[in-house]
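Here the structure comes first, spelled out in structure tokens, and everything after it is commentary.
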Amino acid sequence: MITAPDIARAPFDPVEVARLNASFAPRVQQLWTSAMQGAHAMDAAATQDRRFASPAWREQPYFAWLRQAYLLYGEYLTALAALAHLPAAEKQRLAFAVRQFVDAVSPANFPATNPDVLARAVETEGRSVVTGFRQFMADVAKGRITMSDESAFAIGRNVAATPGRVVLRNDLIELIQYDATTPQVARRPLVIVPPCINKYYILDLTPANSFVRHAVAEGHTVFMISWRNIPAQLGGLAWDDYLARGVLAAIDAAKAIAQSPDVNALGFCVGGTLLTSALGVLAARGERGVASATLLTTMLDFDDPGEIGVYLTRAMLAARKPALLAGQRVHGSELAGAFASLRPNDLVWNHVVDSYLKGRTPPAFDLLFWNGDSANLPGPMYVYYIEHLYLDNALRTPGALTMLGERIDLRAIDIPTYIYASRDDHIVPWRSAYRSVDLLGGDNTFVLGASGHIAGVVNPPQAHKRNYWTRDGVDATPESWFEHAQSHAGSWWPHWYRWLARHAGGKRTAPKAAGNERFPPLGAAPGDYVRERVE
């Protein structure tokens, strides 16, 4: 968090600050004049702010003044931070800290200054206060904010419920093969590498929202990696372990079970980075076990990592590196908190106000249920990821990194690749994802979807939501690509189905059972690892 003294310690040009103060002085005076006259105009920006949506914020003089004073104060601090003469990275951190502070001190976040909270307390005769306190204490015990009605969901019942069998289990992954629902399937199976930071079922939410269920219905034999929620005894696993025992082990098993010389592969977020790294290893070995790749909201060039970069500094890593290399884990709650802070009003304060101040039960929302089910990462793997990819940005440089004994050169990955990004992604900026088209050596297709990191990806066609952009070929810059791209209504999934069908390798009769003699079924999906909650 940042305070007024924090801003004061930053270097400013006094003349620029004086000009800024002069520009705000009439607005402050006008605010007081309007307050004395009982006039409180609702500015255009505030009408779009959900925190101040109720009529009380504009109809009751005290709260109307409070809202306007707060918004003006926030605007001033933001403008002041923009004047700081700092290196780009430090200036970004200052701007981020200012926004965190401004969002935190909103009058909507405190019971005495939120008219909706006060009205609900009166309406419920104080029951909302009692309920809110109980929910707050329950979340203190959990160590996280409850964003969804967790009693509405159960893993294997209505999330992570697509039928299948576990066909491979080692100390890091379970591999799930989903049951076919069509008479024929593509000859090449589809291997999905989900993020290892959360549980895999972001791609297998409730049946209507399940990416996996839809892919199976399109006639693909789908294999899904279920990453282990790392317990203490596995805290020493490294990046190479995630490639060898994770991605490459899954690809080998899928090939053997489907009796196919190659597979189609898909990676989501850091799963896409792991998949691409594994493809780099295969390319260096001269092996062609993957016919096509799909990368969903994936960064390969980390030059602009977005606002998550404010947490990733060399000083931070140096302070933690010895303990992490010794096997200390990075807890999922820590990562989840960092990601939530990138959108604090939507992912923190909104839930604080509704649950703790208004005493409302969180809604049943499958995506937010998943969001609260985070996973731990092993220290050495995390150090490699942050140091060599985020901080050094070495993955984009041919030969700069060695993985599994092989020098990695992304240009040697010469397979067709479908690269999807979300326009409003706060974790993987879409322009950063676009840079992958220049790094990979194959025929690359770039598609941009609306919305954010998760909602943009999980957008089933039947919902008829949002839109996406396509263009034949790629361009020198993401801005130029977007300028000439064509917008399409609805989900990007059907576009991807059509692209993937070109790489199906023909058709074969759907398998009647999962696995084979070498990889016999070990139990029903969703398996054991997805249910593990490890502190």
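Taking my numbering, the leading residue of the sequence shown gets 491, the next gets one more, and so forth.
Beta carbons are placed, not taken as given, at the ideal position from N, Cα and C, and that holds for glycine.
Model, not experiment: these values are computed from the prediction.
Local Cβ density within 10 Å of residue i, reported as buried at 16 or more and exposed below that
i: Lys689; result: buried
i: Met871; result: buried
i: Phe623; result: exposed
i: Val612; result: exposed
i: Gln527; result: exposed
i: Arg540; result: exposed
i: Phe643; result: buried
i: Arg509; result: exposed
i: Gly776; result: exposed
i: Thr784; result: buried
i: Ala698; result: exposed
i: Ala1003; result: exposed
i: Pro748; result: According to the sequence provided, residue 748 is Ala. The question's Pro does not apply to it. Buried, since its Cβ has 16 or more Cβ neighbours within 10 Å.
i: Tyr552; result: exposed
i: Ser618; result: buried
i: Lys848; result: buried
i: Lys632; result: exposed
i: Gly808; result: The sequence shown places Ala at residue 808, not Gly. Classification of Ala808: exposed, given that the 10 Å Cβ count is below 16.
i: Pro504; result: exposed
Unbroken beta strand (DSSP E) run spanning residue i, endpoints
i: Val681; result: 680-683
i: Ile715; result: 712-717
i: His978; result: 976-979
i: Gln538; result: Unbroken run through Gln538: none, as it is neither H nor E.
i: Phe1009; result: Here Phe1009 belongs to no beta strand (DSSP E), and DSSP marks it neither H nor E.
i: Phe936; result: 934-939
i: Arg647; result: That residue, Arg647, is in no beta strand (DSSP E); it is neither H nor E in DSSP.
i: Leu658; result: 654-659
i: Ala911; result: 907-912
i: Arg992; result: Careful: Arg992 lies outside any beta strand (DSSP E) and carries neither H nor E.
i: Glu664; result: 663-668
Residue j beta carbon less than 7 angstroms from that of residue i
i: Ile898; j: Leu930; result: no
i: Thr907; j: Asn934; result: yes
i: Leu695; j: Asp856; result: yes
i: Tyr801; j: Ala828; result: yes
i: Phe1009; j: Val657; result: yes
i: Ile944; j: Leu825; result: no
i: Gly761; j: Pro834; result: no
i: Val873; j: Leu814; result: yes
i: Ala676; j: Gly646; result: no
i: Thr851; j: Asp639; result: yes
i: His722; j: Asp752; result: Per the sequence shown, residue 722 should be read as Ala rather than His. Taking 7 angstroms as the Cβ cut-off, Ala722 and Asp752 do not qualify as a contacting pair.
i: Ile666; j: Leu756; result: no
i: Glu664; j: Gly1017; result: yes
i: Leu790; j: Leu885; result: yes
i: Ser767; j: Leu733; result: yes
i: Leu764; j: Val737; result: yes
i: Gly946; j: Ser912; result: yes
i: Tyr880; j: Phe792; result: yes
i: Leu891; j: Val771; result: no
i: Asn1006; j: Trp839; result: no
Segment limits, alpha helix (DSSP H) that includes residue i
i: Ser922; result: 920-924
i: Gly761; result: 760-775
i: Val706; result: 701-707
i: Val630; result: 617-632
i: Asn511; result: 504-527
i: Ser823; result: 822-831
i: Tyr691; result: Per DSSP, Tyr691 belongs to no alpha helix (DSSP H) and is neither H nor E.
i: Pro558; result: The sequence shown places Gln at residue 558, not Pro. Unbroken alpha helix (DSSP H) run through Gln558: 551-572.
i: Leu584; result: 578-594
i: Gly869; result: 869-874
i: Lys745; result: 739-748
Neighbourhood of residue i by C-beta distance below 7 angstroms, restricted to the same chain and skipping five residues each side
i: Ala705; result: Leu680, Val712
i: Leu1042; result: A query on residue 1042 cannot be resolved here, the shown segment of the chain reaching from 491 to 1025 and no further.
i: Arg961; result: Trp971, His974, Ala975, Gln976
i: Val927; result: Ile909, Asn934, Phe936, Val964
i: Ala569; result: Leu510
i: Thr671; result: Val706, Ala707
Own chain residues within Cβ distance below 8 angstroms of residue i, not counting five before or after
i: Phe972; result: Leu938, Trp959
i: Gly889; result: Arg897, Ile898, Asp899
i: Gln674; result: Gly709, Lys997, Arg998, Thr999, Ala1000
i: Asp661; result: Arg718, Leu724, Arg735
i: Leu521; result: Trp555, Gln558, Ala559, Leu562
Cβ shell of residue i (< 6 angstroms), same chain only, five flanking positions each side left out
i: Leu727; result: Pro868, Met871
i: Gly822; result: Ser864, Ala865, Asn866
i: Phe514; result: Tyr566
i: Ala494; result: Per-residue confidence for Ala494 stands at a pLDDT of 48, beneath the threshold of 50, marking its modelled position as unreliable; the derived number appears in the next sentence. Cβ neighbours of Ala494 beyond the five flanking positions: none.
i: Asp669; result: Pro653, Gly654
i: Gly995; result: Arg677, Arg678
i: Pro968; result: Arg921, Tyr924
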